[in-house]
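Number of protein chains: 2
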Amino acid sequence: MSIGNMKIGELARRAKTSHRTIHYYERLGLISPVAREGASHRLYEEEAYERLEKITALKRLGLSLEEIQEVIELYFMDADTHLQGKKKVLDILNNQLQKVDEQIDELSTFRSDLIRNIRHMERLYDEATPNKSG
Amino acid sequence: MSIGNMKIGELARRAKTSHRTIHYYERLGLISPVAREGASHRLYEEEAYERLEKITALKRLGLSLEEIQEVIELYFMDADTHLQGKKKVLDILNNQLQKVDEQIDELSTFRSDLIRNIRHMERLYDEATPNKSG
DNA sequence: TGTAAACCTTACGTTAGGTGTAGATTATGG
DNA sequence: CCATAATCTACACCTAACGTAAGGTTTACA
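Just so you know, the protein sequences line up as chains D and C, in that order.
Quick note on numbering: the first sequence equals residues 18 to 151 in this note's numbering.
Quick note on numbering: the second sequence equals residues 18 to 151 in this note's numbering.
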């Protein structure tokens, strides 16, 4: 019968963040406890963890917490019963897909550069050190 | 004979940043003009642009400007004549390669999630709208 | 029931990464 | 030579995203 089995400490540990960060996110409306006993200890369910994960991912994409605020619900709302928002959600998701693809491209380019540099360095390093197998 | 043909305005435009940011980076030691006429206008060469690009890439990797400060020189020093640093440079480059790969992985996972969400949304959207071809 | 760990609120502090602005100086085309 | 656009220095200011600290409350467990 217990709804919400996780307290803020455990949630923070699992999501690799701090309880203060979770408090902060709550103030911004990014996340909230599923229940509070009396006026006290926040209790969370698994979804809270998933939200934190999603927030982290979106941050890495370069979104500010304010921007995340605007889209996070779309990921967790009951899509089947919210017909009206679907088109909008779809647009936003496609938009983010585009961003992700751009970043993957960018990282891939950076990766190629890095590898080129590494090869170059290795060559120089080999030339400068005595060759043990010759 | 002109060494340094680019002024800060052009550099900023090309690198999609502001001249104030370039000033700021200069104060941090991330970048500097190749020459200054008298005590005035900073003049840059192509390398300055490349540095800004590299800084952007490293920022996207999650490095702070302070961390970037510590590695940026390695990308632009004359490697051939700085034998002693090669091993260290190689380590750092490999380290960054690992980070890039991790991020690409993470983004790919996020991408898959997004696509799954999009498919789901599309299905719901199709169901909710009249089918024109049937 | 006692107590220690975990949690609560409130309020102020901090750091990174810039941006704004004023007032002077420099460059450049006519 | 003059206008004006671009730069210069220097300092103050800003926001986001937390962190720290104080002092009180809840909860789990013996």
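Don't be surprised by glycine CBs; every beta carbon is placed ideally from N, CA and C.
Remember, predicted model here, so these are calculated numbers, not experimental data.
- PHE127 of chain C sits buried, since 16 or more C-beta atoms from the chains shown fall within 10 Å of its C-beta.
- Within the segment 88-115 of chain C, the residues whose Cβ lies closer than 8 Å to some Cβ of chain D are TYR92, ALA96, ASP97, LEU100, LYS103, LYS104, VAL106, LEU107, LEU110, ASN111, GLN113, LEU114, listed in chain order.
- Its Cα nearest to that of ARG77 of chain C, the residue D:ASP122 stands out among D:ASP108, D:GLU63, D:ILE48, D:ASP122.
- Per the coordinates, the alpha-carbon of LYS105 of chain C lies some 39 Å from the alpha-carbon of ILE85 of chain D.
- With respect to chain D, the C-beta atom of ILE121 of chain C has a partner C-beta closer than 8 Å.
- Per DSSP, the continuous alpha helix (DSSP H) segment holding LEU114 of chain D begins and ends at 103-145.
- Nearest neighbour of GLU64 of chain D by Cα position, chosen from D:ALA32, D:ARG44, D:ASP118, turns out to be D:ALA32.
- The beta carbon of ILE132 of chain C falls within 8 Å of a beta carbon belonging to chain D, placing the residue at that interface.
- Between GLU62 of chain C and GLY21 of chain C, the gap from beta carbon to beta carbon is short of 8 Å.
- Unbroken beta strand (DSSP E) stretches of 3 residues or longer found wholly inside the segment 28-95 of chain D: 59-61, given in chain order.
- Counting only the Cα atoms, ALA29 of chain C lies some 15 Å from LEU47 of chain C.
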